[in-house]
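Structure first, commentary second.
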Amino acid sequence: MKVLLTGGAGYIGSHTAVELMTSGYDVVIADNLSNSCKEAISRIEELGGNKVSFYDIDVCCKMEMEKLFSEQDIGACIHFAGLKSVPESTSMPLSYYRNNLDATLTLLETMQEFGVKKLVFSSSATVYGVPKSVPVNEDADTWCTNPYGWTKYMSEQIMRDAAKADESLSIILLRYFNPIGAHESGRIGEDPQGKPNNLMPYISQVAVGRRDKLYVYGDDYATPDGTGVRDYIHVVDLAKGHIAALEYAEKNPGCIAVNLGTGLGYSVLDIVKTFERANDIRVPYEIAPRRPGDVDTLYSDPSRAEKLLGWKAEKNLEDMCRDTWNWQKHNPKGYRE
Ligand code: NAD
Ligand code: WQD
Numbered sequence: 003m004k005v006l007l008t009g010g011a012g013y014i015g016s017h018t019a020v021e022l023m024t025s026g027y028d029v030v031i032a033d034n035l036s037n038s039c040k041e042a043i044s045r046i047e048e049l050g051g052n053k054v055s056f057y058d059i060d061v062c063c064k065m066e067m068e069k070l071f072s073e074q075d076i077g078a079c080i081h082f083a084g085l086k087s088v089p090e091s092t093s094m095p096l097s098y099y100r101n102n103l104d105a106t107l108t109l110l111e112t113m114q115e116f117g118v119k120k121l122v123f124s125s126s127a128t129v130y131g132v133p134k135s136v137p138v139n140e141d142a143d144t145w146c147t148n149p150y151g152w153t154k155y156m157s158e159q160i161m162r163d164a165a166k167a168d169e170s171l172s173i174i175l176l177r178y179f180n181p182i183g184a185h186e187s188g189r190i191g192e193d194p195q196g197k198p199n200n201l202m203p204y205i206s207q208v209a210v211g212r213r214d215k216l217y218v219y220g221d222d223y224a225t226p227d228g229t230g231v232r233d234y235i236h237v238v239d240l241a242k243g244h245i246a247a248l249e250y251a252e253k254n255p256g257c258i259a260v261n262l263g264t265g266l267g268y269s270v271l272d273i274v275k276t277f278e279r280a281n282d283i284r285v286p287y288e289i290a291p292r293r294p295g296d297v298d299t300l301y302s303d304p305s306r307a308e309k310l311l312g313w314k315a316e317k318n319l320e321d322m323c324r325d326t327w328n329w330q331k332h333n334p335k336g337y338r339e
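The following block contains the structure:
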């Protein structure tokens with residue numbers, strides 16, 4: 003089957019492309035390279051052992067999307083394309099709503115036109131906002147604290163409504179927790195432009211000497227060591243979750259949300275210490291003020307993914323830290339070497 007990956011040149015999309023290809027799927031990628039680069043496509047082909055049909059297009063452009071669908075016999079779509087920086091979304095909310103919602107609508111309309119019925123969507127644990135309790139399961143209240151989060155919340159709602167109106171549609175809303183790590187080859191990985199917002203790319207850029215030290219945002223949270231606790235998941239486990247979701251979508255029409263996490267919570271200092279131990283490298287850090295909008299603790303109840311998709315995360319925190327460093331040390335400037 004041919005699977006269209008919007009945003010497939012990005013961090014999670016590139017890892018998913020490789021897993022799909024090694025599982026026998028044909029991969030088509032539509033990406034405007036706004037937060038990725040062409041080199042990722044060559045490396046996906048290298049690891050996947052096959053060619054990718056790559057379209058350098060904006061997913062919001064209906065004409066380009068129609069051209070792609072008329073040239074390729076798409077059986078299912080995975081929708082990664084979107085802008086993803088929480089702070090940027092607060093300063094440029096209109097760009098975030100325009101890009102992320104337009105991309106969702108254009109994809110759904112084109113799928114409808116061409117009779118494509120299966121879709122997996124990159125949603126986020128951000129839709130849980132400030133959770134009432136942890137672990138968080140999919141029935142927990144949803145509410146967002148920033149425009150990026152609202153684009154996920156609204157895209158989910160659009161998809162639920164589309165699936166209600168067309169009972170043959172099958173849509174899986176995957177709510178990712180905190181994806182980190184890289185392919186164990188070190189050939190693909192996370193390559194943020196500018197200063198990273200997220201913890202793990204910041205740590206690996208400190209380790210490789212691109213930044214002086216890590217700023218730990220707050221040590222007075224109600225957690226065992228005072229620093230924020232999250233559910234970090236290896237990006238290759240996450241990628242495999244998409245294949246399990248596609249298989250589920252084959253047999254089950256409707257629209258359902260599924261958490262992809264490990265169910266374990268680790269603090270910022272747990273991550274720093276594990277990274278140092280796993281890689282035998284020092285990560286200098288300094289305690290800094292809390293980052294506005296951060297919650298104390300957020301981790302998943304991943305039991306629905308195991309029950310419905312037969313998927314469970316397999317890699318541990320050491321694997322995540324080791325594979326991140328393997329990617330970073332071999333690609334100190336990311337793909338731009
Ligand atoms: P990424 O930025 O590496 O990948 C997104 C890709 O989409 C990029 O390659 C970018 O060029 C492309 N893109 C953006 N807008 C586009 C458009 N209009 N047309 C075509 N291509 C476009 O991000 P990622 O970390 O791989 O995330 C993938 C998806 O998962 C995103 O939707 C993100 O919001 C979601 N998500 C990410 C995380 C995370 O922590 N990385 C967590 C939860 C959800
Ligand atoms: C993790 C922990 C920080 C950076 C974000 C999005 C979420 C989802 C995943 C897309 C927190 C601390 C961080 C640093 C630090 N993305 N930290 N110093 O905030 O859980 O989730 O990415 O959907 O929507 O909000 O991830 O990696 O930014 O932070 O101390 O330089 O690390 O305070 O406790 P977060 P993160």
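Here the sequence shown stands for residues 3 to 339, where the numbers follow the numbering used here.
Where a beta carbon is used, it is the ideal one built from N, C-alpha and C, also for glycine.
Coil, strand or helix - residue i by DSSP
{"i": "Y155", "result": "helix"}
{"i": "P95", "result": "helix"}
{"i": "A184", "result": "coil"}
{"i": "S36", "result": "coil"}
{"i": "T264", "result": "coil"}
{"i": "A78", "result": "strand"}
{"i": "S126", "result": "strand"}
{"i": "S44", "result": "helix"}
{"i": "A164", "result": "helix"}
{"i": "V297", "result": "coil"}
{"i": "V208", "result": "helix"}
{"i": "L237", "result": "At residue 237 the sequence reads Val, which differs from the Leu that was named. Here V237 sits in helix by DSSP."}
Any non-hydrogen atom of the ligand NAD closer than 7 Å to residue i Cβ
{"i": "G151", "result": "no"}
{"i": "S126", "result": "yes"}
{"i": "K119", "result": "no"}
{"i": "P255", "result": "no"}
Residue i beta carbon near the ligand WQD (any heavy atom closer than 7 Å)
{"i": "R213", "result": "no"}
{"i": "Y99", "result": "no"}
{"i": "R293", "result": "yes"}
{"i": "V136", "result": "no"}
{"i": "D141", "result": "no"}
{"i": "L2", "result": "With the chain running from 3 to 339 in the structure shown, residue 2 is simply not present."}
Residue environment, residue i, which counts as buried when at least 16 other CB atoms sit within 10 Å
{"i": "A184", "result": "buried"}
{"i": "V118", "result": "buried"}
{"i": "E339", "result": "exposed"}
{"i": "Q330", "result": "buried"}
{"i": "D227", "result": "exposed"}
{"i": "G50", "result": "buried"}
{"i": "S206", "result": "buried"}
{"i": "R284", "result": "exposed"}
Among the options, nearest to residue i - alpha-carbon criterion
{"i": "E252", "options": "A78, M161 and L176", "result": "A78"}
{"i": "K275", "options": "E41, P89, A209 and C146", "result": "A209"}
{"i": "S36", "options": "C62, G265 and M161", "result": "C62"}
{"i": "S269", "options": "E47, N261, M113 and M202", "result": "M202"}
{"i": "N333", "options": "M3, M322 and D193", "result": "D193"}
{"i": "G336", "options": "T112, E115, I273 and Y204", "result": "Y204"}
is_contact[residue i, chain E] using C-beta, thresh 8 Å
{"i": "M67", "result": "Going by chain labels, chain E is absent from the structure shown, which holds only one protein chain."}
Cβ contact (3+ pairs, closer than 8 Å) linking the segment 67 to 85 and the segment 8 to 21: Because the criterion of three Cβ pairs below 8 Å is met, the segment 67 to 85 and the segment 8 to 21 touch.
Touching by the beta-carbon criterion (3+ pairs, under 8 Å), the segment 283 to 290 and the segment 208 to 216: Yes, they touch.
Cβ pair count under 8 Å reaching 3, the segment 58 to 75 against the segment 243 to 261: No, the segment 58 to 75 is not in contact with the segment 243 to 261.
Segment contact flag, the segment 120 to 132 with the segment 168 to 185, C-beta cutoff 8 Å, min 3 pairs: Yes, the segment 120 to 132 touches the segment 168 to 185.
Sufficient close CB pairs (3 or more, under 8 Å) joining the segment 135 to 145 to the segment 86 to 103: Taking 8 Å as the limit for Cβ pairs, the verdict is that the segment 86 to 103 does not touch the segment 135 to 145.
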